[in-house]
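Colleague: Residues in the sequence shown are numbered consecutively from 0, following numbering that gives the first Met the number 0. Backbone N, C-alpha and C fix where the C-beta goes; we use that ideal spot for every residue, glycine too. Note that the structure is a prediction, hence the values are computed from the model and not measured.
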Amino acid sequence: MNVLIVTFLVAHSPSGVVTYYQTLAKDLKRKGVNVRVIESTHTPFFWNKSLNLLKRIANPLGIKSRIFYEEASYFIRLYFAVRKIRKENFSVIHAQDVRSGVAAYLALGKKVPIVLTCHFNDDPVTEYMSAHSLSPSFVGRITEWYTWLFSYVNSYVFVSNYAYEKSKHLLPAGIHKMIQFNTVQVPELPAREPRAETDKFLISNVGYVDERKNQELLIRAGQELRKKGVTNFAIWLIGDGPKRKEYEQLVKDLGLTNHVQFHGRQPAPWKLVSQTDLYIHTALNDNCPYSIIEAFAVKTPVLALPVGGVPELLPDERSKLRSAEAEQVAEQIVAHLDAGVRKELAESQAVFASQHFDHELALDKLIDFYRKAITQ
């Protein structure tokens, strides 16, 4: 089997999607599968220069022009990147986004089937609408574009049922789909040393530092903890992003510099999470976040807002944050200062994780799904 993985992202993009396809490529090779990864950086020189020039023209013309450019640019980049290798005998295209998948499919003469992993949180059209104020007519045009793209894809991997339910109105009839949660491989860690009563209570959060990941909620929960007389704690924010400076200033303004630490982007964030007492996921929308699965893997109990596909990862109601208000989040943190409460929660989550996040089983299922796509 010869698998072509295509994506508009690049290796250094701060995205769980990059983690997904880089890990997948290594795993497939370990299983004896030939793999080729094509990213937007593989665009031929002429097309790369031309599209970069067009970007300078499109950007000042407003959001509609920028969206049109983005959609066309990534499609063209992947089309010509794959055309360079069209003589290779690929068995299946594994696309990380539908634009790249269809571009590769057309570049290979419509001969190689597409398997698409749907990493979006809702669907591509809704995500544009959430980010920008767009007219109904323009939304209609984007919807037509994505409906056309999806019409070329028959085999879908969804990392949550939520993603399928939110996007199925764009998909063709009679698709073949698989719901497969993200999985991780984390080496077994030594048993933790028991916490001394004088040790700081450590709370972790992993994610791109932006409005959607909503780290501000955890910072303000720290302020509420102090109001409740809880002072021996630290919040570790692991990740980087456009809101980091703003949140660093907020920490200073609230007088929390001794309580909130920014650790930046980490190659293995689970190493830090494993040292903490509680992982709190504050995202306002998420599909199947690696950070929660990594926390399960290192046996750090998890609390999370029940949004998007997250509830599918947290069948235990005790795992769910009851509110997105800082005061109530602080109340739940206080309840988890009790080591016995945390131990019960971690054990419950470990049982669920062992049943649903088996990395090797997920890989075998995916390879079997490839075979079915090839023979359809």
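Based on DSSP bridge pairs, tell me the residues matched to residue 233.
Modeller: Position 234 of the sequence shown holds residue 233. Bridge partners of residue 233: 201.
Colleague: Where does residue 134 fall in DSSP's three states?
Modeller: Counting from one through the sequence shown, the residue named residue 134 turns up at place 135. Residue state, collapsed to three classes: coil.
Colleague: Cα separation between residue 64 and residue 55?
Modeller: For the purposes of this step, residue 64 is taken as the residue at position 65 of the sequence shown. For the purposes of this step, residue 55 is taken as the residue at position 56 of the sequence shown. Each residue's alpha carbon lies about 11 Å from the other.
Colleague: When burial is assigned at 16 or more other CB atoms within 10 Å of the CB, is residue 375 buried or exposed?
Modeller: Translated into positions along the sequence shown, residue 375 becomes position 376. Looking at its Cβ environment, which holds fewer than 16 other Cβ atoms inside 10 Å, residue 375 is exposed.
Colleague: May I ask you to verify whether the stretch 219–227 touches the stretch 262–274, counting CB pairs closer than 8 Å and requiring at least 3?
Modeller: Contact between the stretch 219–227 and the stretch 262–274 is absent, because fewer than three Cβ pairs lie under 8 Å.
Colleague: Taking 7 Å as the limit between beta carbons, can you name the residues of its chain near residue 162, skipping five residues before and five after?
Modeller: Position 163 of the sequence shown holds residue 162. Correct list, in chain order: 117, 119, 286, 308.
Colleague: Give a yes or no on whether the C-beta atoms belonging to residue 261 and residue 231 are separated by under 8 Å.
Modeller: Taking the sequence shown and counting its residues from 1, the one referred to as residue 261 is at position 262. Taking the sequence shown and counting its residues from 1, the one referred to as residue 231 is at position 232. No.
Colleague: Beta-carbon within less than 8 Å of residue 81's beta-carbon, same chain only, minus the 5 sequence neighbours each way: which residues are those?
Modeller: Along the sequence shown, one-based indexing puts residue 81 at 82. 3, 5, 37, 102, 103, 106, 107.
Colleague: Only counting the same chain, and skipping five residues up and downstream in sequence, which positions put a Cβ closer than 8 Å to that of residue 13?
Modeller: The sequence position of residue 13 within the sequence shown is 14, counting from 1. The residues are 207, 238, 239, 240, 264.
Colleague: Where do the ends of the alpha helix (DSSP H) carrying residue 23 lie?
Modeller: Here residue 23 refers to the residue found at position 24 when the sequence shown is read from its first residue. Unbroken alpha helix (DSSP H) run through residue 23: 15–29.
Colleague: Across the stretch 128–136 and the stretch 144–158, are there enough close Cβ pairs to call them in contact, namely three or more that are closer than 8 Å?
Modeller: These segments do not touch.
Colleague: Where does residue 1 fall in DSSP's three states?
Modeller: By 1-based counting over the sequence shown, the position of residue 1 is 2. Note: residue 1 maps to strand in three-state DSSP.
Colleague: With distances taken from CA atoms, which of 125, 301, 10, 137 is nearest residue 61?
Modeller: The residue labelled residue 61 in the question sits at position 62 within the sequence shown. The option with the nearest alpha carbon to residue 61 is 137.
Colleague: Please report how far the alpha carbon of residue 168 lies from the alpha carbon of residue 122, in whole angstroms.
Modeller: Counted from its first residue, the sequence shown places residue 168 at position 169. Counted from its first residue, the sequence shown places residue 122 at position 123. Those two C-alpha atoms are separated by around 10 Å.
Colleague: For the putative contact between residue 312 and residue 319, defined by C-beta atoms under 8 Å, what is the C-beta separation to the nearest angstrom?
Modeller: Indexing the sequence shown from 1 puts residue 312 at position 313. Indexing the sequence shown from 1 puts residue 319 at position 320. Contact doesn't hold; Cβ gap of about 10 Å is too wide.
Colleague: If you draw a straight line from the alpha carbon of residue 175 to that of residue 280, how long is it in whole angstroms?
Modeller: The residue given as residue 175 occupies position 176 in the sequence shown. The residue given as residue 280 occupies position 281 in the sequence shown. If you take the alpha carbons of residue 175 and residue 280, they lie about 32 Å apart.
Colleague: Tell me whether the stretch 244–254 and the stretch 18–26 touch, counting them as touching only if at least three CB pairs, one residue from each stretch, are closer than 8 Å.
Modeller: No, the stretch 244–254 is not in contact with the stretch 18–26.
Colleague: Note down the Cα distance separating residue 170 from residue 198, rounded to an integer number of angstroms.
Modeller: Position 171 of the sequence shown, counted from the first residue, corresponds to residue 170. Position 199 of the sequence shown, counted from the first residue, corresponds to residue 198. Distance between the alpha carbons of residue 170 and residue 198: 52 Å.
Colleague: Since residue 374 is in the alpha helix (DSSP H), which residue starts that stretch and which ends it?
Modeller: Looking up residue 374 in the sequence shown gives position 375. Per DSSP, residue 374 belongs to the alpha helix (DSSP H) from 358–374.
Colleague: Residue 280 by DSSP, collapsed to three states: which one?
Modeller: Here residue 280 is taken as the residue at index 281 of the sequence shown, counted from 1. The answer is strand: DSSP assigns residue 280 an E or B state.
Colleague: What's the gap between the Cα of residue 363 and the Cα of residue 76?
Modeller: Counted from its first residue, the sequence shown places residue 363 at position 364. Counted from its first residue, the sequence shown places residue 76 at position 77. Roughly 31 Å between the two C-alpha positions.
Colleague: Counting along the chain, where does the beta strand (DSSP E) carrying residue 91 start and finish?
Modeller: The sequence position of residue 91 within the sequence shown is 92, counting from 1. Residues 91–94.
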